[in-house]
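**Q** Heads up, the sequence shown is in our numbering, so the first residue is 10 and it goes up one at a time.
We put the CB at the ideal spot given by N, CA and C, even for glycine.
As the structure is a computational prediction, the values presented were derived from the model and not from experiment.
If you scroll down you'll find the structure; I have some questions about it.
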Amino acid sequence: MNSPNLKSEISNLKSDELGALYGRVSTDRQSDSLDAQDAKGLAYAAPLSIRVPAALTFAEEDISGGTALADRPQGAHLMRALKFGWAPPGEPESLAPVKHLIVTKPDRLGRDAVNLLNIWDWCEANGITLHIVDFGGNTIVSQGFMGKLVYGILALFAEFERSMIRDRINGAFARKRERGEACGGVTYGWDLVPSGRTKLVKRKSRGPDGRLIEETSEREIMLEQPNETEQHWLRQMADWRYTQKLGWRKIAERLNALGVQTKTRSAPWQQGNVAKVLGSRHAKLLLSTHL
């Protein structure tokens, strides 16, 4: 799992082998920046003679840990490089295998235990050595009998932490709803109106030099206000669907024939958005007293 002489523990390591570095930050956790992850990974790779070109440094911003690695834009590029190798631009004859995947912590790869274990198995099947750099001051490498056991335990903790994060977010949304504040975009049947109150919002972005910049701005708090016209049509849609047993497409055709506008006012009703507005949390609460 870890050793004072880590290089001797990685038995198949050859001088100047290629490695890929992967980092991720998401909206639910920004404590370990991409710059910090890059620095830790490169500092780890250097004494092991693992060469990490800039083109093999992959980073994702605002990507949830619940999204599978292969379904992320940079994650997909990473897995292609690991599977098929890498060559400098314009030098296809220099194609070389990428033998190492370096991440600071397992939760950068994901927060789903099954997905994390699948990544370990995929690396093993493709001859990739997975390096977890920051494990309480130690390192996990996918060579040695204890590595997978410890990694599996960390995968379960990552999924548990993801559940805790989701509970905190849902709790915050619930408190906002109790105050009548908007959560997310505007919903059909309601309008957003200014509350006269503001809040400070922090946002991180990358500057021209590639470094993360944190900006603080003031944002007005919006309240949800019932739209009586749209709520009338919500009740009519519910009657057509649940009483008259009409299909989604037929309801959309009726709404368009009657000139009823969608929320965006720029597109006609389609069966998909009829089902979506009737299935929203807001609509279900409203219609629970109507049906």
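Measuring alpha carbon to alpha carbon, tell me which of Thr-196, Glu-239 and Pro-235 ends up nearest Ser-289.
**A** Ranking the options by Cα distance to Ser-289, first place goes to Thr-196.
**Q** Let's see if you can read the secondary structure: which residues bound the alpha helix (DSSP H) around Glu-133?
**A** 122-134 is the extent of the alpha helix (DSSP H) around Glu-133.
**Q** The beta strand (DSSP E) with Tyr-31 in it runs from where to where?
**A** Looking at the DSSP string, the run of the beta strand (DSSP E) that includes Tyr-31 is 26-33.
**Q** Going by other Cβ atoms of all chains shown within 10 Å of its Cβ, with 16 needed for buried, is Asp-116 buried or exposed?
**A** Buried: at least 16 other Cβ atoms inside 10 Å.
**Q** Let me know the secondary structure DSSP gives Pro-235 once reduced to three states.
**A** Residue state, collapsed to three classes: strand.
**Q** So what does Asp-116 bridge to, in DSSP terms?
**A** Answer is none; Asp-116 lacks a bridge partner.
**Q** Here's a check: name, in chain order, each residue in its chain whose Cβ is nearer than 8 Å to the Cβ of Val-107, leaving out the five neighbours to either side.
**A** Leu-27, Gly-28, Ala-29, Leu-65, Ala-90, Leu-91, Gly-94, Trp-95 and Ile-137.
**Q** Thinking just about the alpha-carbon of each residue, which of Asn-282, Leu-243, Thr-148 and Ile-111 is nearest to the one in Thr-298?
**A** Residue Leu-243 is the option with its Cα nearest to Thr-298.
**Q** Tell me the rounded alpha-carbon separation between Asp-37 and Lys-272.
**A** The pLDDT assigned to Asp-37 is 46, lower than 50, so where the model puts this residue is not dependable; a value taken from the coordinates is nonetheless given after this. Between Asp-37 and Lys-272, the C-alpha separation is close to 29 Å.
**Q** Go to Val-283, then tell me how far its alpha helix (DSSP H) extends in each direction, as first and last residue.
**A** 280-287 is the span of the alpha helix (DSSP H), which, as asked, contains Val-283.
**Q** Taking a contact to mean a Cβ-Cβ separation below 8 Å, would you say Leu-104 touches Val-112 in this structure?
**A** No, the pair does not count as a contact, with Cβ atoms beyond the cut-off.
**Q** Using the Cα positions of Met-246 and Gln-279, report the straight-line distance between them to the nearest angstrom.
**A** C-alpha separation (whole angstroms): 13 Å.
**Q** For Asn-236, which residues in the same chain have their Cβ closer than 7 Å to its Cβ, ignoring the five residues on either side in sequence?
**A** Excluding positions up to five away in sequence, the list reads Gly-198, Trp-199 and Asp-200.
**Q** By DSSP's criteria, Arg-2 is part of a beta bridge. Which residues make up the other side?
**A** The shown model of the chain, from 10 to 300, leaves out residue 2, and the question about it has no answer.
**Q** Return the first residue and the last residue of the alpha helix (DSSP H) that Leu-51 is part of.
**A** Start and end: 43-54.
**Q** Out of curiosity, what's the CA-to-CA distance linking Lys-211 and Tyr-251?
**A** Approximately 44 Å, taken between the alpha carbons.
**Q** Should Asp-80 be labelled buried (16 or more other beta-carbon atoms within 10 Å of its own) or exposed?
**A** So Asp-80 counts as exposed.
**Q** Which residues does DSSP pair with Glu-227 in a beta bridge?
**A** According to DSSP, which records beta bridges pairwise, Glu-227 is partnered with Leu-209.
**Q** Going by other Cβ atoms of all chains shown within 10 Å of its Cβ, with 16 needed for buried, is Asp-69 buried or exposed?
**A** First, the residue type needs correcting, since residue 69 is Glu and not Asp in the sequence shown. By the neighbour-count rule (16 or more Cβ atoms within 10 Å), Glu-69 is buried.
**Q** Is the Cβ-Cβ distance between Gln-234 and Val-202 less than 8 Å?
**A** Going by C-beta atoms, Gln-234 is nearer than 8 Å to Val-202.
**Q** Taking Arg-142 and Tyr-53 to be in contact with their CB atoms under 8 Å, please state how far apart those CB atoms are, rounded to whole angstroms.
**A** Sequence inspection shows Val at residue 142; the Arg mentioned does not correspond to that position. Confirmed, Cβ separation roughly 5 Å.
**Q** Determine the closest residue to Ala-55 out of Arg-274, His-109, Ser-42 and Gln-83, with distance taken between C-alpha atoms.
**A** Looking at the Cα atoms, His-109 is the closest of the given residues.
**Q** Kindly list the residues whose CB is nearer than 6 Å to the CB of Arg-258, restricted to its own chain and excluding five residues on each side of it in sequence; keep chain order.
**A** Here the set comprises Gln-280.
**Q** Taking all protein chains shown into account, do 16 or more other C-beta atoms lie within 10 angstroms of the C-beta of Ile-222, making it buried, or fewer, making it exposed?
**A** When all chains shown are included, Ile-222 counts as exposed.
**Q** Report the rounded CA-to-CA distance for Asn-147 versus Lys-114, giving the unit in angstroms.
**A** Rounded to whole angstroms, Asn-147 to Lys-114 spans 11 Å at the Cα level.
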